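Written out below as structure tokens is the structure these notes cover.
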């Protein structure tokens, strides 16, 4: 599950990360967080790298497998808009907080170009990369990371979870 940041996305849409960024890891300076790559301290072992990209070959296999694939539309009571959930690829942000604020949603989208925000993908990517293991983050939007996100999550999480699981099951042959 994730909160949507991009205004073109809706509850139920699915984001497959091509890159994961930990948006809340860094140093506070000038009254603002200056993010940097986990595992690196700017004044000890600096790096120009920011975020964890998915292996291009893995992403190619995933995108080929998804060609022509669609997930059934969510029912209206589960946030459905009458259209099948959109499956898109882009940056997923990870942080240690549940985003329930329109201003923060806009800032995260503008500062990092994120499509979605969640709480686990950055740690997954960091650990997998440290051990040379391929990884992939698939997130269905359970809310839109705004002032109504607390209400949305509880209403839509079950149906949205099912859509996300269907995408994962469809992708399994491409992941092996």
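Residue numbers (my numbering): -16 to 159. Using N, Cα and C, we set each Cβ at its ideal position, and we do this for glycine too. Predicted model only: the values in this text are computed from it and were never measured.
Per the DSSP calculation, residue i is bridged to which residue(s)?
i: residue 36; result: 2
i: residue -14; result: 100, 126
i: residue 12; result: 15
i: residue 121; result: -1
Applying the criterion that 16 or more other CB atoms from any shown protein chain within 10 Å of the CB defines a buried residue, is residue i buried or exposed?
i: residue 98; result: buried
i: residue 142; result: buried
i: residue 125; result: buried
i: residue 93; result: exposed
i: residue 95; result: buried
i: residue 39; result: exposed
i: residue 0; result: buried
i: residue 158; result: exposed
Quick check: what's the CA-CA separation for residue i versus residue j?
i: residue 9; j: residue 16; result: 6 Å
i: residue 160; j: residue 146; result: Outside the displayed range of the chain (-16 to 159) lies residue 160, so it cannot be described from this structure.
i: residue 131; j: residue 31; result: 36 Å
i: residue 122; j: residue 12; result: 32 Å
i: residue 148; j: residue 155; result: 11 Å
i: residue 118; j: residue 44; result: 13 Å
i: residue 111; j: residue 102; result: 16 Å
i: residue 34; j: residue 23; result: 12 Å
i: residue 108; j: residue 75; result: 11 Å
i: residue 42; j: residue 50; result: 13 Å
i: residue 113; j: residue 2; result: 16 Å
i: residue 58; j: residue 64; result: 8 Å
i: residue 140; j: residue 153; result: 20 Å
i: residue 116; j: residue 80; result: 26 Å
i: residue 84; j: residue 36; result: 27 Å
i: residue 90; j: residue 47; result: 33 Å
Less than 6 Å between C-beta atoms, sequence neighbours within five positions excluded: which residues of the same chain meet that for residue i?
i: residue 5; result: 21, 77, 105
i: residue -7; result: 64
i: residue -10; result: none
Please list, in chain order, all residues of the same chain as residue i whose beta carbon is under 7 Å from its beta carbon, the five residues on each side excluded.
i: residue 128; result: -14, -13, -12, 82, 88, 100
i: residue 150; result: -3, 54, 70, 121
i: residue 73; result: -2, 1, 98
So, for residue i: in the same chain, excluding its five sequence neighbours on each side, which residues have a beta-carbon less than 8 Å away from its beta-carbon?
i: residue 67; result: 53, 54, 55, 56
Would you say residue i lies against chain D (beta-carbon separation less than 8 Å)?
i: residue 153; result: Note that chain D does not occur in the displayed structure, where there is just one protein chain.
With a floor of 4 residues, list each alpha helix (DSSP H) that falls wholly inside the stretch 57 to 106, ordered by position along the chain. 85 to 95
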